[in-house]
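Residue numbers (my numbering), protein chains in the order written: chain A, -14 to 147; chain B, 780 to 989.
We put the CB at the ideal spot given by N, CA and C, even for glycine.
For reference, the structure discussed in these notes is given below.
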Amino acid sequence: MKPENQDFENIRRLLKLKRYEQPPPRYFSDFSGQVINRIRAGYPADRAESLTATLEMPWLQRLSSVLDVKPLFAGAFGAVVVGVLVGAAVYSDEVDIPTASPSLAVSQVPSPAPVTPVTVSVPVGNSGAFALGAGSSTNAGSIFDRIGTPSVQPVNHTIFRQ
Amino acid sequence: MTSAMSDTASDKPAAKPATPDATEEVVLVRKAQKGDLAAYDDLVRRYQERIYATIYHMTSNHEDANDLAQDTFIKAHHALKSFKGGSSFYTWVYRIAVNKTINFLKQRKNRTHMSLNDLDFNAEHDPDLVALVSDRTPRRDAGLAELQEKLNEAMQKLSEPHRLVVTLHDVQGLAHEEIAEIMDCNIGTVRSRLFYARQQLQGYLADYLK
């Protein structure tokens, strides 16, 4: 039997239904304008294909494709990666110090020697006197040294020297 | 089929004599090739409905059809300089649309998401369709909307070449010769694909046809 002889009348009638499927009203009145605007704006012709292809890629490949076409993103991405690495290095250094110092400091402290009181004279300002204890930091070279000392008077202090 | 259909669509000699409409089209194409966007706008307006409809019937999705139809006309504009006028502009744009749609459907694979357009009011008065929803149909409760959905589901089960032949011939009313030119195959192939596609559809929609 030739293909044309087979009766497909019913299916052809049913397929007529598809001719009545119409897009929203006024859809075609805007269509050509949108096409021309996209041509004027220099849009690529493969929007749908590239979108679909992008969605199907694994995440790493998708990221790579974004970085390929956008150098700004690539730079920003590189900066973020470097920032994370530097941050991680700094954080790891800070974490090491407190774990090692206290135990070592305690175990290496020498036994106290006999204490001899010594009296020294230290010139200070009007604000009052202060005492220097053994092991405390000095103020030599501090920014406070640059502050003028209008009236200096000698004051006696007692410190303990080992 | 698709391998033989290049995206830029090779030109073939036009078989038909030039009508006033065809002459006007040639003038518009020449103007558009020289960068006249108003002329290209006229060309888009001429074929937008047919191109959109072909893509819509292939995808059963309005949004996809909108995107692909726009992309088709933009791609055609980019490739306009390579169009030598061997075939009609209409056939040339059709080939671009068909290739774009088939590539899209291959990427989409089986993930069909239908977004169907509403049926025109006149469908209820079409005698052929009224007959289908009559007492001859086993599913008497089936309305036109249900028939529309089942028909689109059945269409999506066909392979792309078979769906394309049914769309171009039975829905859009193109002649076998025109379809052969668009699909870049011979008329015998068009006929055999049409026969097979109708047979398949008849099987899928048996409940609505007996």
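Secondary structure at B:GLN935: helix, using DSSP grouped into helix, strand and coil.
Against chain B, the beta carbon of A:TYR28 has neighbours under 7 angstroms at ILE853, listed in chain order. The continuous alpha helix (DSSP H) containing B:TYR835 extends over residues 816 to 838. Apart from sequence neighbours up to five positions away, the residues of its chain that approach B:LEU908 with a beta-carbon distance below 7 angstroms are ALA902, LEU923, ordered along the chain. Not one beta carbon of chain B lies nearer than 8 angstroms to the beta carbon of A:ARG11. Cα atoms of B:GLY865 and B:TYR987: separation of roughly 44 angstroms, rounded to the nearest angstrom. The contact set of B:ALA902 on chain A, defined by CB atoms closer than 7 angstroms, consists of LEU2, TYR5 in chain order.
Against chain A, the CB of B:LEU923 has a partner CB under 8 angstroms away; the residue lies at that interface. Just so you know, the alpha carbons of B:LYS854 and B:ILE875 end up roughly 8 angstroms apart. If you look at B:ASN896, you'll find it isn't in any alpha helix (DSSP H); DSSP assigns it neither H nor E. In this structure, A:ILE(-4) sits away from B:ASP820, with a CB-CB distance that is not shorter than 8 angstroms.
The three-state secondary structure of A:GLN7, taken from DSSP, is strand. Judged by their CB atoms, B:THR880 and B:MET837 are nearer to each other than the 8 angstroms cut-off.
Counting C-beta pairs with one atom in each stretch, the segment 961 to 969 of chain B and the segment 843 to 852 of chain B have fewer than three that are closer than 8 angstroms, which means they do not touch. Look at the segment 888 to 899 of chain B: the residues with a C-beta under 8 angstroms from a C-beta of chain A are LEU895, ASN896, ASP897, LEU898, ASP899. For B:ASP846, the enclosing alpha helix (DSSP H) stretches over residues 841 to 857. The contact set of B:HIS836 on chain A, defined by CB atoms closer than 9 angstroms, consists of LYS3, GLU6 in chain order. Measuring C-alpha to C-alpha distances from B:ASP846 to each of B:ALA858, B:ILE830, B:SER861, B:PRO940 identifies B:ILE830 as the nearest. B:HIS892 is a Cβ neighbour of B:ASN840, given a cutoff of 8 angstroms.
Between B:LEU822 and B:PHE868, the CB-CB gap stays under 8 angstroms. The beta-carbon distance between B:THR833 and B:GLN951, rounded to whole angstroms, is 7 angstroms. This is short enough to meet the 8 angstroms contact definition. The three-state reading of DSSP puts A:ASP15 in helix, counting H, G and I together. Excluding residues up to 5 positions away in sequence, nothing lies with its Cβ nearer than 8 angstroms to the Cβ of B:GLN978 in the same chain.
C-alpha of A:GLU79 to C-alpha of A:ALA26: approximately 53 angstroms in a straight line. At a cut-off of 8 angstroms between beta-carbon atoms, B:GLU828 makes contact with chain A.
Flagged as an interface residue toward chain A: B:ARG977, by a C-beta distance shorter than 8 angstroms. The Cβ atoms of A:SER17 and B:GLN827 sit closer than 8 angstroms to each other. Put simply, of B:HIS955, B:GLN886, B:LYS863 the residue whose alpha carbon is nearest the alpha carbon of B:GLU939 is B:GLN886. Shortest Cα-Cα distance from B:TYR975 to any of B:VAL944, B:LYS929, B:LEU953, B:GLY814 involves B:VAL944. Distance from the CA atom of B:ALA954 to the CA atom of B:VAL969, rounded to whole angstroms, is 10 angstroms.
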